[in-house]
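One structure below.
Numbering (UniProt numbering), first residue to last: 1 to 272.
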């Protein structure tokens, strides 16, 4: 009886937590189906005649698709480049012993604790001198700088969980260090690479501060584009919700496609 009660209690807690997490998405979609007057109603309306006028207006707005394209380019580019730089560094920290390895790993993790606003002005001055303001490359490099420490720290744990015997067998067969890493270690760590890549993609997709300051008209990502619906005195809640609903769908589909790899990677093991 106690076991039965405990199981249902845990399920109830999970159900409540799931509702807590899903309700904001439900409310955004519900608001997108309202007229501007209904969206501002107090108390909020749950029963009303839905309208798709907001979605039609958003779909016909070319700026929305430009926001989506910029976010996709920046998020995909920063994810690939961060993994390309972070995976070798994480492998070295996991497999090789050298003086100051522990301090270097802690320094990488602590660099993530630096407030992003503290790095914003140096980035702006440097980008202004190099001509990287309002470019996809500039924003990609900024996101790589922000997220590289997370990639190295997480992948270090994944590489540490892999058995050394497989790599030693490949070395005995004549493979050098690079060949062992490329042909043996990376394929074995693929679930971890995918899960970390998804995490970095989402962090880059949702990043607002650097995209607002380092981008402008040519490069305007989804968070910055949605901010345009917030005026000085009014907020276009209906159109804002419709735009957010459409731009969230690709991210949800992306996670659903790779959810098996994501779950496997996140449960693969933790850093020892």
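Where is the CB? At the ideal position from N, CA and C, for every residue including glycine. All values reported here derive from a predicted model rather than from experimental measurement.
Beta-carbon contacts of residue i that lie in its chain and below 6 Å, excluding the five residues immediately before and after
i	result
residue 144	78, 81, 82
residue 111	149
residue 27	none
Beta-carbon proximity list for residue i, same chain, < 7 Å, skipping 5 on both sides
i	result
residue 142	123, 210, 214
residue 61	none
residue 38	45, 48
residue 208	223, 224
residue 212	224
residue 256	none
Boundaries of the alpha helix (DSSP H) in which residue i is found, first to last residue
i	result
residue 254	237 to 257
residue 96	Note, residue 96: premise wrong, no alpha helix (DSSP H); not H, not E.
residue 145	136 to 161
residue 49	Taken as a continuous stretch (DSSP letters only), residue 49 belongs to no alpha helix (DSSP H), as it is neither H nor E.
residue 37	36 to 39
residue 193	190 to 206
residue 166	164 to 172
Test item: CB-CB of residue i and residue j under 8 Å
i	j	result
residue 231	residue 67	no
residue 162	residue 189	yes
residue 74	residue 139	yes
residue 148	residue 87	no
residue 166	residue 184	yes
residue 245	residue 29	yes
residue 229	residue 192	no
residue 90	residue 152	yes
residue 220	residue 70	yes
residue 54	residue 238	yes
residue 31	residue 241	yes
residue 51	residue 25	no
residue 127	residue 120	no
residue 160	residue 84	no
DSSP beta-bridge partners of residue i
i	result
residue 230	235
Under the three-state DSSP convention, the category residue i falls into
i	result
residue 86	helix
residue 57	helix
residue 72	helix
residue 78	helix
residue 178	helix
residue 115	coil
residue 217	coil
residue 225	helix
residue 42	coil
residue 108	helix
residue 33	coil
residue 133	coil
residue 271	Only weak support exists for where residue 271 lies, its pLDDT of 42 falling under 50; the value from the coordinates is given anyway. Residue state, collapsed to three classes: coil.
Nonlocal neighbours in the same chain, by C-beta distance under 8 Å from residue i, ignoring five residues either side
i	result
residue 251	202, 205
residue 233	none
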